[in-house]
Amino acid sequence: MEYNFTEIEKKWQLFWQKQQTYRVAIDASRPKFYVLDMFPYPSGAGLHVGHPLGYIASDIYSRFKKLKGFNVLHPMGYDAFGLPAEQYAIQTGQHPAVTTSNNIKRYREQLDRLGLSYDWNREVQTCDPSYYKWTQWIFLQLFDSWFNNTSGKAERIETLIKEFRKDGNSSVNAACSETAFFTSAQWNAFSEKEQQQLLLNYRLAFLSNTMVNWCPALGTVLANEEVKDGVSERGGYPVERKLMNQWSLRISAYADRLLSGLDGIDWSESLKESQRNWIGKSEGALINFQVASPRPSPKEREDNFDDSPLTIRVFTTRPDTIFGVTFITLAPEHELVSLITTREYTKNVEEYIAYAKNRSERERMADVKKITGQFTGAYAMHPFTGEEIPVWIGDYVLAGYGTGAVMAVPGHDARDYAFAKYFDLEIKEVVAGGDLSKESYDAKEGLIVNSDFLNGLNVKEAIKKSIDVISYDGHGEKRVNYRLRDAVFGRQRYWGEPIPIYYKNGIPYPLPESELPLVLPEVDKFLPTETGEPPLGRARNWKFKGEYDYELTTMPGWAGSSWYFLRYMDAKNELEFASAEALNYWKEVDLYLGGSEHATGHLLYVRFWTKFLFDLGYIPVDEPAKKLINQGMIQGVSKKAFKFTNKSNYIIPLSGMFSKLNLEFKTISNELLEHYISFDLLKIYLGSDLSNKDTTEYVIEKTNERLSSYSYRIHAENIPIEFSENGYLNINQFVQWASNTNKVFYTQSGYWYQNKFNIYKDLDGNEINIINDPNHFELISEVEKMSKSKWNVVSPDAIIEQYGADCLRLYEMFLGPIEQSKPWNTNGITGVSGFLKKLWRLFFNDSGFAVSDASASPQELKVLHKTIKKVTGDMERFSFNTSVSTFMICVNELTDLKCNKREILEPLTILIAPFAPHLSEELWSRMGHKNSIVNATYPECNEKYLIENEFEYPVSINGKTRFQITLALNLTKEEVEKEVLNSENMIKYLNENTVKKVIVVPGRIVNVVI
RNA sequence: GCGCAUGUGGCGUAAUUGGUAGCCGCGCCAGACUUAGGAUCUGGUGCCUCACGGCGUGGGGGUUCGAGUCCCUCCAUGCGCACCA
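Heads up, the first sequence is in our numbering, so the first residue is 1 and it goes up one at a time.
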């Protein structure tokens, strides 16, 4: 009886669908368990073999928990708003909703083929109005809230207004934008517009002028984590800093809770560390330096007669070095620069500011080492010594961090040191232990010197004392600073959730809840308007109540994913984002699986929104996921290039086969480009006549040039391509493209196949088998992320076709620990495939299904219960690879025992059901069960079958294992020692030596020291 | 530069509390059945050595009767942050 996986898998997938096997509902009688996958962005490329790794693991765990008696919520959906669909729409005019829905269909088909146990009744799509209605609703709650630092919680804005009316803002301790003090009388006298403007400084969703990452190529702003190394994460386009009036979310208010919350959740240490880095908490002091010689600039003299002294505020983590300050550096953008610069230096300072402005972010990052700066002519007063300290500006000081000003302590900060050396400024030693003539001494160790009241203290004590004194004397205060910036929330794009805001007299107002969802309007083009407004500006007659303008930006991609785990709990609810009953039953995610690339994006935002909704009392938990596992990436192996290993010329005669060749060469870096493709070495001839070597006619168009990638397109018809010595041809894409034509050769599962041999010829027309001839060619490959743009994608479909979904499931788990990244290869898949066949064969003999009802032998029972014990333990530890290996051992042993007993095979089938659901359903039904195996009960290990009476003790002499001796397990230590010492082997090894010591670990080992 | 993680046969990996290092699978070698093998089955396979035996978990050092596992130190790789004061 053949194991026909294709038939079996189809049959059971249909059965599950018809029977609604995976449907779940609230059931108070059973404990709940929530297993969640990070939902995918449905890209046009479909699933690749990397996606299922996490889906399979979470599915196995869900099925396991279900068999263990839990009520398991295991949903799936789509993160369906996003840039690629929109970019595609711009290029083709095709509505993103259409392409997205097509992609989703394809994803669904592929997911179904894997036999995953999702409850599809709970599917969510972030681009569906019935879903984003609630994304918009949450935005309105953010708009209607402020963060009270005293209570450490978000509160309704009306409590704040009440306070303003009563006492103004002086006693309010809020997370807010810089706001001047006002009294209750002032507040009440403010106009509606002024009041609303002020409230924006406090709202958790607010409009403000902020520096944003503007990406001209994409025509939108990007959040910090969407920018990598000065270019956009998607597409790799340059990004610049720009001041814009923008919607933001005040995530910084939650910095401390986002940080401390990490301690209570079971996430990987590296991921938590990423988040800690991103939040970037640093403790120190805010210190005021009065400008000692306010020599107002001419401008200042006219505009401002307020002669109260100007104050420069600096943030430092090393207040202990306060006596080592020899100058102050301001960021070029610092607001005080124009006020303090003396006439003498005005020109130089202005020039320097212009220079710093024009240095792009990328340049600034590229030459970090380059020291630039300019003296302002102004001096500040040291708060304790009263000394005059020169004030400089320099672009090593960032406007966006701290106060945009630093007190420079060149003796004990490497950057200040470099600056001081370069501009020949004073360097003072205040912490003993270094040699300041060579370098700064940054270590937080040593005793303080030359520092008045801090002398003799160690650094730690001095930090504490200096803060105390600084606060007491009114020179500053203790301050905790965070690197985490507020999250820019508006995107100048079409394909996203409209922000539910309208404008009246230029003031933003929230849309009433009854108006939700604010549906994405139709537009004629998905591009900005002629006047530079976002695409939504194209929508006709799109106004609130027919007269008020709507906000034209849309929400970023991460909005919908910041709360989706809640929607699954009650996905079809039209009255609330989820009912209190559902929220209180399912609570939070018990196991969350996804890639580590979301460490500082999605995973920070989802925690933020969860805490916010918790504060307002909508949900009972303030962390979204108790445990999180980052599945490793399955990397693609890119066939990067052919290297030509000898010096003759080669031709790929493509003439006649293709009417047009559109060959794109792509490299990942400039360096690779130079190494692998040199157009000096590559000549392309037009026409099929090889004797026509006129190389002037080919067209090589540089199609794209970015920081990290170059691509070239060669347009020609019927072209032979010649490569000369040491030439490299990047064939990665060529091979994929050629495989689609099914004419040349194709690559699959790491093997090279050829349909035709005479593809490559040398210039004399001799055929070369490029694959097998290392004298001519060497294949250069590289392991990298699997992605469509790298042309190294392996789809799971082909594997399923050849080996079946169960085999793919087992194999992906067998590859190694779930958290580890590894390049995809199918080298071991035959082993797994063979195992499944072997398992199948336990149930059959020549005449058919042959499971016996005879009772099992102790040996057989021992094999079974050993397996139950091991696999159950492995499951709890998410060690799926070792489970598979345990199954293999079990089946090998049962095969050796020729076991076909129901008593053994039935529990084994349940045990393996989470891994191979189709196969086990089939065997389960053949064993006479009418119900799906998912409703079975997980077998328990009975220790009585595992009891051993004897153990083969390894005996080591001086720690080196020498021989084995089998002894009864009920012997005492002394008896074991006696047996060992009297054994023949021991006497042999003992020779003339005497026994110094014997260590007996019962049931484990005996070690004899001689 | 700072932080986190990881280094085990030819390869993917295993070793749950310090107790026989290399389970399971791939590959390889030999054999069986075969017109054939990218099929199936059986046996072998860490390295050196004809063997006795020796050496082996990135390198060096330490603790211990005993270390892949604990400690110190160095090296390599991957990831995060990075002129963050």
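Quick reminder that beta carbons are idealized off the backbone N, C-alpha and C, glycines included.
Everything numeric in this text was worked out from a predicted model, so none of it was measured.
- Message: The alpha helix (DSSP H) that contains Ile985, what's its start and end?
- Response: One-based indexing of the first sequence puts residue 985 at position 985. This sequence places Asn at residue 985; Ile is not what is there. Taken as a continuous stretch (DSSP letters only), the alpha helix (DSSP H) holding Asn985 covers Glu984 to Leu990.
- Taking the C-alpha atoms as reference points, what is the distance between Phe835 and Pro624? The residue labelled residue 835 in the question sits at position 835 within the first sequence. The residue labelled residue 624 in the question sits at position 624 within the first sequence. Approximately 39 Å, taken between the alpha carbons.
- Task: Report the rounded CA-to-CA distance for Tyr417 versus Leu810, giving the unit in angstroms.
- Result: Taking the first residue of the first sequence as position 1, residue 417 is located at position 417. Taking the first residue of the first sequence as position 1, residue 810 is located at position 810. Each residue's alpha carbon lies about 58 Å from the other.
- Item | Helix, strand or coil at Lys18 according to DSSP, with G and I counted as helix | For the purposes of this step, residue 18 is taken as residue 18 along the first sequence, with counting starting at 1. Lys18: helix per DSSP, three-state reduction.
- So Ser857 packs on Gly46, CB below 8 Å; how close in whole Å? Numbered from 1 along the first sequence, position 857 holds the residue referred to as residue 857. Numbered from 1 along the first sequence, position 46 holds the residue referred to as residue 46. Not quite, the Cβ-Cβ distance comes to about 49 Å (not below 8 Å), so this is no contact.
- Task: Identify, in the order they occur along the chain, each residue of the same chain with its Cβ nearer than 8 Å to the Cβ of Tyr88, setting aside the five sequence neighbours on each side.
- Result: Here residue 88 is taken as the residue at index 88 of the first sequence, counted from 1. Gly44, Gln94, Pro96 and Thr99.
- Task: Please state whether DSSP places Phe315 in a helix, a strand or coil.
- Result: The sequence position of residue 315 within the first sequence is 315, counting from 1. Phe315: strand per DSSP, three-state reduction.
- For Leu436, collect the residues of the same chain with a Cβ closer than 6 Å to its Cβ; drop the 5 residues on either side in sequence, then sort them by chain order. Within the first sequence, numbered from 1, the residue matching residue 436 stands at position 436. So the list reads Gly411, Ile427 and Glu429, once near-sequence residues are dropped.
- Taking all protein chains shown into account, do 16 or more other C-beta atoms lie within 10 angstroms of the C-beta of Glu992, making it buried, or fewer, making it exposed? Position 992 of the first sequence, counted from the first residue, corresponds to residue 992. The residue is exposed, with fewer than 16 neighbouring Cβ atoms inside 10 Å.
- Whole-angstrom distance between Lys478 and Ile312, CA atom to CA atom: In the first sequence, residue 312 corresponds to position 312, counting from 1. In the first sequence, residue 478 corresponds to position 478, counting from 1. Rounded to whole angstroms, Ile312 to Lys478 spans 16 Å at the Cα level.
- Query: Which first and last residues belong to the beta strand (DSSP E) in which Pro153 is found?
  - Reply: Within the first sequence, the letter at position 153 stands for residue 153. The question names Pro, yet the displayed sequence has Lys at residue 153. It spans Lys153 to Arg156 - the beta strand (DSSP E) in which Lys153 sits, taken as one unbroken run.
- One or two residues paired with Pro390 in a DSSP bridge: The count along the first sequence starts at 1 and reaches residue 390 at position 390. Pro390 is bridged to Tyr379.
- Per DSSP, what kind of secondary structure is Gly402 in: helix, strand or coil? The residue you call residue 402 lines up with position 402 of the first sequence. Coil.
- Assumed close pair Tyr502, Tyr550 - CB separation to whole angstroms, cut-off 8 Å: Your numbering for residue 502 matches position 502 in the first sequence. Your numbering for residue 550 matches position 550 in the first sequence. Right, the Cβ-Cβ distance comes to about 5 Å (below 8 Å), so this counts as a contact.
- Message: Under DSSP, the beta strand (DSSP E) around Ile957 begins and ends at which residues?
- Response: As a position in the first sequence, residue 957 is number 957, starting the count at 1. Element bounds for Ile957: Glu950 to Ile957.
- Task: Label Tyr355 either buried or exposed according to how many other C-beta atoms from any shown protein chain fall within 10 Å of its C-beta, with 16 as the threshold for buried.
- Result: Here residue 355 refers to the residue found at position 355 of the first sequence. Burial call: exposed.
- Evaluate contact between the region 330-339 and the region 391-402, counting only Cβ atoms and requiring at least three cross-stretch pairs below 8 Å. Note that the region 330-339 touches the region 391-402; at least 3 beta-carbon pairs, one per stretch, sit closer than 8 Å.
- Residue range of the alpha helix (DSSP H) that Phe880 falls in? Translated into the one-based positions of the first sequence, residue 880 becomes position 880. Element bounds for Phe880: Phe880 to Asp896.
- Start-end ranges of the alpha helix (DSSP H) lying completely within the region 329-361, minimum 4 residues: At a cut-off of 4 residues, the continuous stretches assigned as alpha helix (DSSP H) that sit fully inside the region 329-361 are 337-340 and 343-358.
- Query: What do you reckon, are the CB atoms on Leu1013 and Pro75 nearer than 9 Å?
  - Reply: With the chain covering only 1 through 1010, there is no way to say anything about residue 1013.
- Task: Would you please state the rounded distance, in angstroms, between the beta carbons of Leu616 and Ala154? I believe it to be under 8 Å.
- Result: Your numbering for residue 616 matches position 616 in the first sequence. Your numbering for residue 154 matches position 154 in the first sequence. 6 Å between Cβ atoms; contact.
- Message: Quick check on Gln195: does DSSP put it in helix, strand or coil?
- Response: Here residue 195 corresponds to residue number 195 of the first sequence, with the count starting at 1. Correct three-state label for Gln195: helix.
- Item | Member of Leu67, Lys357 and Pro498 whose CA lies at the smallest distance from the CA of Gly1014 | Any question about residue 1014 goes unanswered here, given that the chain covers just 1 to 1010.
- State whether the region 812-828 contacts the region 48-59, with contact taken as three or more CB pairs (one from each stretch) at a distance under 8 Å. yes
- Message: Please report the straight-line C-alpha distance between Leu114 and Glu922, rounded to a whole angstrom.
- Response: By one-based count along the first sequence, residue 114 stands at place 114. By one-based count along the first sequence, residue 922 stands at place 922. If you take the alpha carbons of Leu114 and Glu922, they lie about 16 Å apart.
- Query: How many angstroms separate the CA atom of Val980 from the CA atom of Ile912?
  - Reply: The residue given as residue 980 occupies position 980 in the first sequence. The residue given as residue 912 occupies position 912 in the first sequence. If you take the alpha carbons of Val980 and Ile912, they lie about 42 Å apart.
- Message: For a test of the three-state rule: what should DSSP assign to Gly537, helix, strand or coil?
- Response: Along the first sequence, one-based indexing puts residue 537 at 537. For Gly537, the secondary structure class from DSSP, reduced to helix, strand or coil, is helix.
- Decide if the region 916-934 is in contact with the region 888-900; the criterion is three or more beta carbon pairs, one per stretch, under 8 Å apart. no
- Which residues in the same chain have their Cβ closer than 7 Å to the Cβ of Asp486, if we skip the five residues on either side of it in sequence? Within the first sequence, the letter at position 486 stands for residue 486. Here the set comprises Ser248, Leu249, Arg250, Ile251 and Ser252.
- Query: Nearest to Tyr564 by alpha carbon, out of Asp27, Thr554, Gly77 and Leu67?
  - Reply: Working through the first sequence from its first residue, we reach residue 564 at position 564. Out of Asp27, Thr554, Gly77 and Leu67, Gly77 has the C-alpha closest to the C-alpha of Tyr564.
- Task: Give every residue of the same chain whose Cβ lies closer than 7 Å to the Cβ of Ser852, excluding the five residues on either side of it in the sequence, and list them in chain order.
- Result: Along the first sequence, read from residue 1 onward, the residue named residue 852 stands at position 852. Answer for Ser852: Asn900, Lys901 and Arg902, listed in chain order.
- Item | Unbroken beta strand (DSSP E) run spanning Ala205, endpoints | Residue numbering aside, residue 205 sits at position 205 when the first sequence is read from its first letter. Run containing Ala205: Ala205 to Cys215, per the beta strand (DSSP E) assignment.
- Query: What do you reckon, are the CB atoms on Ile910 and Asn958 nearer than 9 Å?
  - Reply: To locate residue 910, count along the first sequence from 1; it is residue 910. To locate residue 958, count along the first sequence from 1; it is residue 958. Cβ atoms of Ile910 and Asn958: not closer than 9 Å.
- Can you tell me which of the three DSSP states Ala599 falls into? As a first step, residue 599 must be located in the first sequence, where it is residue number 599. Residue state, collapsed to three classes: coil.
- If we ignore side chains and look at the alpha-carbon of each, how far apart do Lys572 and Ala414 end up? By one-based count along the first sequence, residue 572 stands at place 572. By one-based count along the first sequence, residue 414 stands at place 414. Straight-line Cα distance between these residues: approximately 58 Å.
- Task: Within its chain, find whatever has a CB closer than 6 Å to the CB of Lys869; leave out the 5 residues flanking it on each side and keep chain order.
- Result: Taking the first residue of the first sequence as position 1, residue 869 is located at position 869. These residues qualify, in order along the chain: Cys941.
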